[in-house]
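Student:
There are 4 protein chains.
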Amino acid sequence: MSHRSPSLLAFPMPKHARDASSQPRKKPLQARSIVTVTAILDAAAHILESAGPSAYSTNAVAERAGVSIGSLYQYFPTKDAVTRALIERESRALFADLSHAVSKAHGAEALRAMIAVAVHHQLRRPLLGRILDFEEARLPMHHDMAAAGNDARDLIVRCLGEMGVESGDAVQQAGDVMSIARGMVDRAGQRSEIDEAALRPRVEAAVFGYLREMSRIRSPGDERN
Amino acid sequence: MSHRSPSLLAFPMPKHARDASSQPRKKPLQARSIVTVTAILDAAAHILESAGPSAYSTNAVAERAGVSIGSLYQYFPTKDAVTRALIERESRALFADLSHAVSKAHGAEALRAMIAVAVHHQLRRPLLGRILDFEEARLPMHHDMAAAGNDARDLIVRCLGEMGVESGDAVQQAGDVMSIARGMVDRAGQRSEIDEAALRPRVEAAVFGYLREMSRIRSPGDERN
Amino acid sequence: MSHRSPSLLAFPMPKHARDASSQPRKKPLQARSIVTVTAILDAAAHILESAGPSAYSTNAVAERAGVSIGSLYQYFPTKDAVTRALIERESRALFADLSHAVSKAHGAEALRAMIAVAVHHQLRRPLLGRILDFEEARLPMHHDMAAAGNDARDLIVRCLGEMGVESGDAVQQAGDVMSIARGMVDRAGQRSEIDEAALRPRVEAAVFGYLREMSRIRSPGDERN
Amino acid sequence: MSHRSPSLLAFPMPKHARDASSQPRKKPLQARSIVTVTAILDAAAHILESAGPSAYSTNAVAERAGVSIGSLYQYFPTKDAVTRALIERESRALFADLSHAVSKAHGAEALRAMIAVAVHHQLRRPLLGRILDFEEARLPMHHDMAAAGNDARDLIVRCLGEMGVESGDAVQQAGDVMSIARGMVDRAGQRSEIDEAALRPRVEAAVFGYLREMSRIRSPGDERN
DNA sequence: CATGAATGAGCGTTCATTCAT
DNA sequence: CATGAATGAACGCTCATTCAT
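Residue numbers (our numbering), protein chains in the order written: chain L, 156 to 380; chain F, 156 to 380; chain P, 156 to 380; chain Y, 156 to 380.
1. If we require 4 or more residues per run, which alpha helix (DSSP H) segments fall completely within the region 177 to 237 of chain L?
2. Restricting to Cα atoms, I'd like to know which of 243(L), 355(L) and 198(L) is closest to residue 221(L).
3. Measure the Cβ-Cβ separation of residue 311(L) and residue 269(L) and say whether it is below 8 Å.
4. Give me the Cα-Cα distance between residue 336(F) and residue 263(F), rounded to the nearest whole angstrom.
5. Given this structure, state the Cα-to-Cα distance separating residue 340(Y) from residue 202(P), to the nearest angstrom.
6. Name, please, each residue of chain L whose Cβ falls closer than 7 Å to the Cβ of residue 357(F).
7. Buried or exposed, going by whether 16 or more other CB atoms sit within 10 Å of the CB of residue 295(Y)?
8. Would you report the Cα separation of residue 331(Y) and residue 227(L), rounded to the nearest angstrom?
9. Between residue 333(Y) and the rest of its own chain, which residues show a CB-CB distance below 8 Å, the 5 nearest in sequence each way excluded?
10. Checking 8 Å against the spacing of the C-beta atoms, do residue 278(P) and residue 359(P) come in under that value?
11. Can you look up residue 296(P) in the DSSP assignment and give me helix, strand or coil?
12. Tell me whether residue 232(L) counts as near the ligand MG, meaning its Cβ is closer than 7 Å to at least one heavy atom of that ligand.
13. Going by the beta-carbon positions, is the gap between residue 286(P) and residue 237(P) smaller than 8 Å?
14. Taking residue 319(L) as part of the alpha helix (DSSP H), name the residues at either end of that continuous run.
15. Taking buried to mean at least 16 other C-beta atoms within 10 Å of its own C-beta, is residue 255(Y) buried or exposed?
16. Going by beta carbon distance, what residues of the same chain come within less than 6 Å of residue 291(P), once the five residues before and after it are set aside?
17. Could you confirm whether any beta carbon from chain Y is found closer than 8 Å to the beta carbon of residue 342(P)?
18. What is the C-beta distance between residue 200(L) and residue 283(L), in whole angstroms, given that I count them as a contact (C-beta under 8 Å)?
19. Name the residues in the region 185 to 215 of chain Y whose C-beta lies less than 9 Å from a C-beta of chain P; which are they?
20. Do the region 349 to 356 of chain F and the region 317 to 331 of chain F make contact, defined as three or more Cβ pairs closer than 8 Å?
21. Just how far apart, CA to CA, sit residue 293(Y) and residue 206(L)?
22. With a CB to CB cut of under 7 Å and the five nearest residues on each side skipped, what residues in its chain are close to residue 219(F)?
23. Ignore the nearest five residues each way along the sequence and tell me which others in residue 266(L)'s own chain have a CB closer than 6 Å to its CB.
24. For the region 268 to 296 of chain Y, enumerate the residues whose C-beta is nearer than 8 Å to any C-beta of chain P, in chain order.
25. Does any CB atom of chain F fall closer than 8 Å to the CB of residue 147(L)?
26. Could you give the DSSP three-state label for residue 357(Y): helix, strand or coil?
27. Using the rule of at least 16 other Cβ atoms within 10 Å of the residue's Cβ for burial, across every protein chain shown, is residue 193(Y) buried or exposed?
28. For residue 187(Y), which option in 247(Y), 372(Y), 230(Y) and 257(Y) has the closest C-alpha, if you only look at C-alpha atoms?
29. Alpha carbon to alpha carbon, how far is residue 245(F) from residue 280(L)?
30. In chain order, what residues of the same chain have a beta carbon less than 6 Å from the beta carbon of residue 260(P), not counting five sequence neighbours either side?
31. Taking 8 Å as the threshold (beta carbon to beta carbon), is residue 363(Y) in contact with chain P?
32. So, at 8 Å on beta carbons, what are the nonlocal neighbours of residue 326(Y) in its own chain, with the 5 sequence-adjacent residues on each side left out?
33. Here's the rule I'm using: 16 or more other beta-carbon atoms within 10 Å means buried, otherwise exposed. How should residue 191(Y) be labelled?
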């Protein structure tokens, strides 16, 4: 009953945090439950992106999901647990698409495919992505989920390896590639850009331009800056 | 909405005009007022970065600022107005430093100087920057402030022009440069990186790499791999 | 601004206990405040004794007191703090009367006077006394208040000393005297007895009978029971 | 209030009759039922004394009893019914022991034996006793249960009669004896006293001292001291 | 009968905002 | 103007109870 994660909470403590692990109380195994959980997360996503964090209350989520507030709390011990589950779901979906994209190509080609996926994902629900990023920073995530963020990076690391980047540099560069893409894609979403075809090549330019510059710095015997 | 007598509204306007009366938007000019406003914004910044948005309440801000909650509402009509003013102040400070940096060089050199300034700013108060970015997206800013973001972009546009970027492309590329830098610098702040010297060249690589790639795309018949 | 009391909370932690000391947030120094605090405690007492603990909610107390729920929380950080303050007030009132009674006599006479006071107090608000006793057992009281219970006992100890009880035995016997009286008086209250004149001699019989038996046991050279 | 078809209400009555149909008040007679009811009451007692009234919820009781919440409501129409049944059970157990004790002696000897039993009972589960006492005062008990309290008193009445107390006074004095003992024994439990041998003589002193004083009052022309 | 998901009134508490002093 | 007591809508969350399976 006490699968306490060894991670000590870092800081501000979700207001009503009990000692309970904040995992879903009930694993949604039955069809009924899955439907309910899905409805709750859909409602949470909808409210967050259509009305913003200030309208994101558990009562509002429950109402929009068409369930009672009591039911929501049968599946999630706290509001933050709902948020975490939503982050988890979106992260998994993105990661699945990234995996699929990267599995069909190698090196730069695979990286380009990942960029396309990232652009596509973000432009479909631009606000949601930004908000969840922000919440994620505030939330103590589970280990396996914190790792999920690294999973995406590992895909990039592999691509970089195939492109000849030394493994010592690959991890840092993969992180930079992610932050570059995220920065551009977030801004596009914020400005309501919806033209993937226009955004994609610019992200590619930034990513590949960055990698090229870095390889120039790293491997001497090459010309001017 | 404001129970104010319609009489002497001719002059100094202690309260932020809620209705968009476009005349005097400047903050209170008396010495006392400036001190109070500064104290409030300092308190707001401190609370946001040290305890996070959940601790950011008007009462807490007033208390830390050493003024009564009533006084706070003399200078700011709403909580969001405080946040907006803080964003404005930080933006102005950043813009001032950017202007200064860019005034002493040209082209790529000036751009590099701006990058240095941006990195420096963000790494000094990483959480505050992120939080204010987020709030800014949520808040309806005054027109002249929305323009302030564009002011920084204009500095970049000028650099790009000096670097030979066609003016038709410069605006978009300047925006991309900002988002690239912001993406990298935010992530660094989130990860508590504090080494400016390590971060700066990577941001430069991303920015200049992006620009090089874009110039290649725009002006064909000039490639090198 | 942080007058944190050095008393560490002992045990079960009122549900939403924050780290704040649960003392009144605002010492009621102004006339207005005293009136408000008094109204709140009166309301709390009334609800507890007329409708029982299940109806004793902060909202109900505030409503009956004629103040807003927000005001209640200006003066008391938690619901338990209200309860504690009520206990404190009632205890002080009882203790004051006991002190006064005991000051005018000595030995057995003083003890008899205390019994009269205790009977009088309990029969006036029989349910309230019982409920507060119960709550007191559940609540982590402040040191100086936990001591208040002992203050009453000390009055009895003094009487016993004057009656010739050895000081080694006096503390225990004083405690027993209190529990004997409390048991009888509580039961009378529960059964809605209102005749003080009928109850008083029976309590006296129990108290003095107990003391006589104890002195017989303690001092040998006296016959069988 | 009860959605039951009016048909076969002739026989075994699995649910506690909510309306005061006075026919079969006994608890379920089938083996399964008895086991379940016992488990529920055990769970209720355990939770009350180990975690207190605030943790005493129907869901918690059902879980600890190893039955579903639905089953609990098959046997008890409300939460209060569970509490009442627990009080009833504990009262019966105490009464049984008291009866047994009193059956082997007469007069003062029997009374002493009852005191021993009462002390023993309370010191074994001190919190539970106190909590149930409190709940009992709050709950509308069944008539035959309210009588159960009187049953114990009747045992004392008999002892007093054997000791020569006039039957006109015996009932009141028996009640006082009970409240004296309960007051002392409750307080001992509250203070975590566990030494029965130390408590017993003090209770005896109080009880017999009280009776002696009362007899002196009632029958004048017999004093000493 | 047993089950346990579902319900929703209601709890304790917060905080942006107002206004009498 | 400054103050800070007062307000109350709204929040996160619980739990006694019901009812479809």
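Built from N, CA and C at the ideal position, the CB exists for glycine as well. Note that the structure is a prediction, hence the values are computed from the model and not measured.
Tutor: Reading it off the structure:
1. 186 to 206, 213 to 220 and 224 to 230
2. 198(L)
3. yes
4. For residue 336(F) and residue 263(F), the distance between alpha carbons rounds to 15 Å.
5. 29 Å
6. 331
7. Looking at its Cβ environment, which holds fewer than 16 other Cβ atoms inside 10 Å, residue 295(Y) is exposed.
8. 53 Å
9. Around residue 333(Y), the same chain offers 307, 308 and 311 as residues with beta carbons nearer than 8 Å, after the five sequence neighbours per side are excluded.
10. no
11. coil
12. Because no ligand of any kind appears in the structure shown, any question about the ligand MG cannot be addressed here.
13. no
14. Premise fails: residue 319(L) is in no alpha helix (DSSP H) and is neither H nor E.
15. exposed
16. 242
17. yes
18. 6 Å
19. 206, 207, 208 and 209
20. no
21. The straight-line gap from Cα to Cα measures roughly 48 Å.
22. 198, 201 and 202
23. 314
24. 285, 289, 292 and 293
25. Only positions 156 to 380 of chain L appear in this structure, which leaves residue 147(L) out of reach.
26. helix
27. exposed
28. 230(Y)
29. Counting only the Cα atoms, residue 280(L) lies some 29 Å from residue 245(F).
30. Excluding positions up to five away in sequence, the list reads 268.
31. yes
32. 308 and 312
33. Counting Cβ neighbours within 10 Å, residue 191(Y) comes out buried, since at least 16 surround it.
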